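Working notes, beginning with the structure itself.
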Amino acid sequence: MLPHIPQKSQAISPDSPSFVSQCTGLTDAERQLLLSLECGEVSPIPSRAEDYHQLTAAEQLEILQLQHEILATVVQSREYMDVLCQICRLEERLLPDSVASVMLLDEQQRLNILAAPSIPLEVAARFNGLCPGPYAGSCGNAVYRRGGIFVSNTLIDPRWKDLRPLAQELGILSCWSVPIWGLQGRLLGTFALSSFVHREPSIFHRKALEIAAAIVGVVLDRQFQTEHLNLLGKVFEGSNQAIMITGRRAHIQSVNQAFIRMTGYEAIEVQGVRPGPQLLISDRHGSAFYNGLWRTLLRRDYWQGEVWIRRKDQEVFPTWLSLTLVRDGKDQDITHIVGFFFDISEQKATEDRLAFLIGHDVLTGLPNRLILRTRLSQILMQAERRHHRVALLYLDLDGFKSVNASFGELGGDELLRIAGHRIADQLNDGVLLARLDSDEFAIVLPTVTDLQQISWLAERVLNSFAQPFQIFEHELDCTLSVGISLYPEDGLDQDSLLKNARNAMEHAKRAGRNTYHFYAEFMNTHSDDSLILRNSLRQALARGEFFLEYQPQIDLLTGRIIGAEALVRWMHPERGRIGPVTFIELAEQCGVIIPLGEWVLQEACRQGAIWHQQGYSLVIAVNLSSVQFKRGNLEHSVVQALSASGLPAHLLELELTESILIENTTGVLNTVQRLKSLGIKLSIDDFGTGYSSLAYLTRLAVDKLKVDQSFVRFMTEVPANAAIIRAIIQMAHSLGLKAIAEGVENDRARQFLLANHCDEAQGYWFSKPVSAQDFVALLEAEEQRDV
């Protein structure tokens, strides 16, 4: 629809009502500029301070008539080139023996004629590609000097030096040119009047040029916007990504064809509807995920990530979704939300298959040696942290070579496949089974409570081979030889444990096969060494042989020490310093862990209170044993420790392991709620290594998740660890929790955690665990750096 135009027959005088005010169809910015021009309030180009009052009454009327005619042309014509040509003709009418032209700057900042209705095309072409400069004629100078240029004699004026031969040939004797400015202050080109006689411009002519240039700028801006919108429309409909545009409250306004193809919804079915459980949203993500998404989107104006979407036929599929907020340029209020997404089903299936093939045995589907070594390293780090044993069972099929010789490789493969299934059927959740090589398998028990547990498992596996194997049409008897190594007694790393377990397996073969054997002989005879340590433990607390060391916890953003984790050590009178990996499990077995845990809690609170009195407000983190949590009067112990020390409750943090959370969850929730009511902080230690329920996690009201050091230390060797770390940090933040990473041993890990918005960290890169006295030295050194 064309804008409404006042009748041309209407009488025009300086006192006539505003022509622009009677027009509709203009944008606010265009209307304001044209009104200003119509009233003579602004000049779109730098010029002398002439005013309309310096014009004669006749000239003022003629200027007003020119404005009305140009504006009528603007609002009546659909084609912008028609408007430009008509503006040129109107200007030529004011100046006989002249031609008007509009030149536009291209991407190389050179001028080319866009509109010049009175100039032959072949002549106009000779001016194209004009480079602005001090000798490039009136138009080249108008751009170069960013102001009006009025040359009355092109034959002698130095500004026409480069174009003088062309001026002489065409008979151009004078030329007036003014810049054309866009509404955003962008220089678009020039508007010029070239005369075939020598002329000086009057105030009237300058005003006429200014008006024409300003309106040409509006016309060009509108054309640029139209072309831009047309291009965006083509991109919108032609994109192979689904595009969805919503209002500020997320009600869908527009979707493209890719959206319709991917989701199965027609545009009319979703317009005006807000995505929810009945439209697009699947049940793959909980409310915490979407709450985190919206918080990030509102904070950063942008969010992207993997989201599962529900099609119209209720099928769910994975997408990569990008959301962007569109804000009002003036008030920064949200006006729209733009979403882009594409189907990543094939990509995920390929990635999952490749990841499986890299880490699994194709024949049995079991994890291979690579996964075993990776997982075993993580289990050992966790065992060091939690102070418990790990068992590695090395299994080898007896006489497998003769099976290959008798039944061929296909028969051997069938035996291995069935054997893998039989072994797996004897294992509980959380126990790792892997195929190492040929006829060799390995079992990893992440937590060993006593040696009998290992013996029972070995016997179950051996008994599962008592039944013959059906290999094609034949029955085949097969047995196993099993070797067992223990952490930390038989090795502190995966290589030592694998080597020693294999040696134990060879010993079992030499002993007659179809049996199991521990690596160390004292394990086979159940050495009394652990009994000796148990007896020493009962006396060690009374003798004051335990002491605490403190490892700093760092705010990654500021680099300052904000807390300390209290770690218990044992100075044995005969054996010297003993690490917790050796005595904590024994303490749990013999019940010493409860009084020991109470002592650690009291001593840590006492030291924390001393630091608080010295002006250091540090959060003191204390580890809790699962035995202590289940059997001890934990709430009473915490209250007593806080009361005796005077430590403020908010400066005490208790670290719970995931093993605590998966047992008797209702009781755990009640205990956690009572502890939180005291005002203390709670964190989940070694997060990501256990099997706790994320549903219960949202109800535990903890304050912090601690990323296990096994993920941090092997972040480079195991690429998946980096993704796990990012996921834990994002999940913590989406639940309103802080994230702390342990095991930071180099600056690369620190920078990675900082870049992924981890809140806190600890590890040898910052400091090893130190005595209370040395910890104060660290605090004082920090204060010195701040001075």
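The numbering of the sequence shown is my numbering, which starts it at 2 and goes up by one. Even for Gly, the Cβ is constructed at its ideal location relative to N, Cα and C. The structure displayed is predicted, hence computed values, not measured ones.
Straight-line spacing of the CA atoms in Q169 and T155 works out to 8 Å. Under the criterion of beta carbons closer than 8 Å, P581 and H388 qualify as touching, at roughly 4 Å. For L371, the enclosing alpha helix (DSSP H) stretches over residues 370 to 387.
Annotation: D362 to L371 spans about 10 Å, alpha carbon to alpha carbon. A direct Cα-Cα distance of roughly 26 Å separates E441 from T450.
For R249, the CB contacts under 8 Å within the same chain, skipping 5 residues up- and downstream, are D334, I335, T336, H337, I338 in chain order.
Distances from the alpha-carbon of E575 to those of N142, L210, L534 put L534 closest. Bounds of the alpha helix (DSSP H) holding P596 are 594 to 614.
Between A502 and S482, the beta carbon gap of about 11 Å keeps them out of contact (Cβ cut-off 8 Å). The three-state secondary structure of T559, taken from DSSP, is coil.
Secondary structure note for L171: its alpha helix (DSSP H) is the uninterrupted segment 165 to 171. Sixteen is the threshold: when 16 or more other Cβ atoms of the shown chains lie within 10 Å of the Cβ of D686, as they do, the residue is buried. Unbroken alpha helix (DSSP H) stretches of 4 residues or longer found wholly inside the stretch 472 to 534: 495 to 511, 522 to 525, given in chain order. Inter-segment contact for the stretch 398 to 417 and the stretch 347 to 361 is absent: fewer than three beta-carbon pairs are separated by less than 8 Å.
Annotation: the stretch 214 to 285 contains the following complete segments of the alpha helix (DSSP H) (minimum length 4 residues), in chain order: 258 to 264, 268 to 271. Only exposed fits E307, as fewer than 16 other CB atoms lie within 10 angstroms of its CB.
Non-local beta-carbon contacts of I246 in its own chain, meaning distances under 7 Å to residues more than five positions away in sequence, involve Q254, S255, H337, V339 in chain order.
Under a 10 Å Cβ-count criterion, K682 is classified as buried, with 16 or more other Cβ atoms of the shown protein chains found around its own Cβ. Just so you know, the alpha carbons of R328 and E347 end up roughly 35 Å apart.
Cβ atoms of I555 and E761 come within 8 Å of each other, at about 6 Å. Out of L458, L373, V445, L542, the CA that lies nearest to the CA of I594 is found in L542. In the structure shown, D83 adopts helical secondary structure according to DSSP, grouped into three states. As DSSP reads the structure, T325 sits in a beta bridge with Y303, V339.
Secondary structure within the stretch 711 to 752: the alpha helix (DSSP H) runs of 4 or more consecutive residues, fully enclosed, are 720 to 735 (chain order). If you draw a straight line from the Cα of Q272 to the Cα of H252, it is about 7 Å long. According to DSSP, residue pairing for D344 in a beta bridge involves T320.
T450 carries a coil assignment under DSSP once its states are collapsed to helix, strand and coil. Residue range 401 to 426 is occupied by the alpha helix (DSSP H) that includes L416, with no beta strand (DSSP E) assigned at that position. In the three-state reduction of the DSSP assignment, I212 falls in the helix class. V569 and L538 do not touch by the CB rule: their CB atoms are close to 12 Å apart, not below 8 Å.
Annotation for D440: no alpha helix (DSSP H) segment contains it, and DSSP assigns it neither H nor E. In the DSSP annotation of this structure, the continuous segment of the alpha helix (DSSP H) that includes G138 starts and ends at 138 to 146.
Shown here, A116 sits in a strand according to DSSP, grouped into three states. Comparing alpha-carbon positions, the option among R675, I725, L396 lying closest to G421 turns out to be L396. Contact annotation, L221 with I181: C-beta distance approximately 7 Å; criterion of less than 8 Å satisfied. Using a C-beta cut-off of 8 Å, the stretch 366 to 380 makes contact with the stretch 426 to 443, since at least three inter-stretch Cβ pairs fall below that distance.
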